[in-house]
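Residue numbers (my numbering): 121 to 501.
In this text, a Cβ means the ideal position worked out from N, Cα and C, and glycines have one as well.
Reading through the structure tokens given below for one structure.
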């Protein structure tokens with residue numbers, strides 16, 4: 121009998137560790153301003169899972185749609201609809217998404233509200249709410265520094281900027297240590313501005329075992345391992361996936377700048393010792409951080425012979441131009457508004473953002489996905 125009880129207990133434990141999570145997502149569209157052109161009844165909206173080959177569809181009826189299903193573990197999904205999308209961190213909870221159409225200039229957008237008791241989603245949402253406020257303040261400081269004519273004031277602003285950078289970096293570690301049992305930490309930790317094996321392996325080690333074993337936890341571990349290998353390499357670090365592009369000639373890029381002027385990027389644009397083309401998008405938070413951080417370093421990079429060009433993988437010209445104005449980088453910004461279908465994105469097999477490519481004066485690719493110390497190594501050669 122004791123053996124039978126033991127077997128039953130073991131069986132229960134095994135089943136519990138693989139328990140299915142049931143989620144329920146209610147979506148509601150409203151158009152109080154009669155903007156027209158939004159989502160209408162009969163349209164299909166999709167719930168696409170970021171790290172799984174899985175897509176759910178639902179037909180909008182009476183301005184509403186519903187998704188239900190099960191998960192083996194918490195994961196990330198995008199609710200995609202015409203003209204937009206909303207990120208949801210899914211676990212075994214109920215989610216209510218209210219999407220309200222509002223006018224902005226000559227176009228409309230959906231303002232979204234996600235109501236849920238999910239700690240997975242809410243920890244992520246609250247963290248990025250604070251993070252966005254810090255990023256806005258950083259942009260303001262950079263603008264104030266650019267406009268300042270007073271040396272003492274400029275020194276004070278630069279000191280505040282340094283402290284803010286430290287505060288932003290520290291916020292990642294703080295939320296991780298306070299939420300070591302939350303899968304959201306494993307999801308966004310890799311976006312930390314000071315992300316490195318030395319800085320964040322201790323943070324990863326402090327996570328609960330089920331978080332570390334999850335797909336999100338394993339993705340974080342893979343990224344930590346990758347940056348460790350890069351930092352230990354004697355040669356210029358190169359993303360293994362990108363190695364095949366090193367030594368190839370950069371193809372011509374055709375697009376428009378933010379004024380709508382047609383631009384052809386070719387050998388005549390690569391007159392500096394090196395040219396870095398930064399691939400980004402208005403909706404990509406980490407990309408916007410790269411823009412802001414690069415903007416602060418741009419004068420020094422130019423002295424070392426580096427020119428920067430931004431290439432957006434957006435599809436919406438208005439959102440792209442708005443982001444260009446907000447980030448105020450100071451370098452040429454180009455897009456063909458084809459997102460992942462852009463010929464250059466396909467040539468370089470860009471499947472995630474941010475990403476970049478470094479070209480020498482002969483138009484030859486000498487680096488790809490190179491940031492921080494890796495970029496400095498190339499410039500100091």
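Exercise. What are the start and end residues of the beta strand (DSSP E) that includes residue 169?
Worked result: Run containing residue 169: 164 to 169, per the beta strand (DSSP E) assignment.
Exercise. Residue 304 bridges to which residues according to DSSP?
Worked result: Looking at the DSSP assignment, residue 304 forms no beta bridge with any residue, so it has no partner.
Exercise. What runs of the beta strand (DSSP E), each 3 residues or longer, lie entirely inside the stretch 397 to 447?
Worked result: List check, beta strand (DSSP E) in window: 426 to 432.
Exercise. Can you tell me where the alpha helix (DSSP H) with residue 276 in it begins and where it stops?
Worked result: Here the alpha helix (DSSP H) through residue 276 covers 271 to 298.
Exercise. How big is the Cα-Cα spacing for residue 307 and residue 270?
Worked result: Between the alpha carbons of residue 307 and residue 270 lies a distance of about 42 Å.
Exercise. Expressed to the nearest angstrom, what Euclidean distance is found between the alpha-carbon atoms of residue 221 and residue 439?
Worked result: Rounded to whole angstroms, residue 221 to residue 439 spans 16 Å at the Cα level.
Problem set entry | residue 146, DSSP secondary structure in three states | Annotated three-state conformation of residue 146 is strand, per DSSP.
Exercise. Does the Cβ of residue 474 have 16 or more other Cβ atoms within 10 Å, making it buried, or fewer, making it exposed?
Worked result: Around the beta carbon of residue 474, 16 or more other beta carbons lie within 10 angstroms, which makes this residue buried.
For this session: Give the DSSP bridge partners of residue 468, in chain order.
Result: None; residue 468 has no bridge partner.
Exercise. In chain order, which beta strand (DSSP E) runs of at least 3 residues are fully inside the stretch 171 to 217?
Worked result: Runs of the beta strand (DSSP E) lying entirely within the stretch 171 to 217 and spanning at least 3 residues, in chain order: 175 to 179, 184 to 191, 195 to 201, 204 to 210.
For this session: Measure from the alpha carbon of residue 373 to the alpha carbon of each residue in 295, 179, 468, then state which is nearest.
Result: Looking at the Cα atoms, 468 is the closest of the given residues.
For this session: Would you decide whether residue 258 is buried or exposed? Buried here means 16 or more other CB atoms lie within 10 Å of its CB.
Result: So residue 258 counts as buried.
Exercise. Which of the three DSSP states, helix, strand or coil, is assigned to residue 342?
Worked result: Residue 342 falls in the helix class under three-state DSSP.
Exercise. By DSSP, does residue 491 sit in helix, in strand, or in coil?
Worked result: DSSP places residue 491 in coil when its eight states are reduced to three.
Exercise. Just the Cα atoms here: how many angstroms apart are residue 236 and residue 481?
Worked result: Our two residues, residue 236 and residue 481, have alpha carbons roughly 53 Å apart in a direct line.
Exercise. Leaving out the 5 sequence neighbours to the left and right, which residues in its chain are closer than 6 Å to residue 228 when beta-carbon positions are compared?
Worked result: Counting only Cβ-Cβ distances below 6 Å, and skipping sequence neighbours, we find 155, 221.
Exercise. Which residue spans inside the stretch 231 to 269 form an unbroken alpha helix (DSSP H) run of at least 4?
Worked result: Note on the stretch 231 to 269: whole alpha helix (DSSP H) runs with a minimum of 4 residues are 239 to 267, in chain order.
Problem set entry | With 16 other Cβ atoms within 10 Å as the buried cut-off, status of residue 462 | Around the C-beta of residue 462, 16 or more other C-beta atoms lie within 10 Å, and the residue is accordingly described as buried.
Problem set entry | The beta strand (DSSP E) enclosing residue 151, as first and last residue numbers | For residue 151, no beta strand (DSSP E) segment is defined, and its DSSP state is neither H nor E.
Exercise. Can you name, in chain order, every residue of its own chain whose Cβ lies under 8 Å from the Cβ of residue 303, other than the five neighbours on each side?
Worked result: So the list reads 193, 194, 209, 211, 240, 331, 334, 336, 337, once near-sequence residues are dropped.
Problem set entry | residue 473 in three-state terms, based on DSSP | In this structure, residue 473 counts as coil in the three-state DSSP scheme.
Problem set entry | Reduced DSSP category for residue 140 - H, G, I as helix; E, B as strand; rest coil | If DSSP states are grouped into helix, strand and coil, residue 140 belongs with coil.
For this session: Tell me whether the beta-carbon of residue 490 lies closer than 7 Å to the beta-carbon of residue 479.
Result: In this structure, residue 479 does not lie closer than 7 Å to residue 490 by Cβ.
For this session: Mind checking who residue 453 pairs with in its DSSP beta bridge?
Result: Partner(s): 430.
Problem set entry | Which of helix, strand or coil DSSP assigns to residue 394 | The answer is strand: DSSP assigns residue 394 an E or B state.
Problem set entry | residue 221 - partner residues in DSSP beta bridges | Bridge partners of residue 221: 230.
For this session: Please classify residue 495: is it buried, with 16 or more other beta-carbons within 10 angstroms of its beta-carbon, or exposed?
Result: Here residue 495 is buried. Its C-beta has 16 or more other C-beta atoms within 10 Å.
For this session: From the DSSP output, in three-state form, read off residue 366 for me.
Result: Here residue 366 sits in coil by DSSP.
Exercise. Does the Cβ of residue 190 have 16 or more other Cβ atoms within 10 Å, making it buried, or fewer, making it exposed?
Worked result: Around the beta carbon of residue 190, fewer than 16 other beta carbons sit within 10 angstroms, so the residue counts as exposed.
Problem set entry | Counted within 10 angstroms of its Cβ, other Cβ atoms place residue 453 as buried (16 or more) or exposed | Burial call: buried.
For this session: Quick one: using the 10 Å Cβ neighbour count with 16 as the cut-off for buried, is residue 430 buried or exposed?
Result: It counts as buried.
Exercise. From residue 382 to residue 202, what does the alpha carbon distance come to, in whole angstroms?
Worked result: Here the alpha carbons of residue 202 and residue 382 stand approximately 28 Å from one another.
For this session: Please state if the CB of residue 233 and the CB of residue 250 are separated by a distance shorter than 7 Å.
Result: Between residue 250 and residue 233, the C-beta gap is not smaller than 7 Å, which leaves the two residues out of contact.
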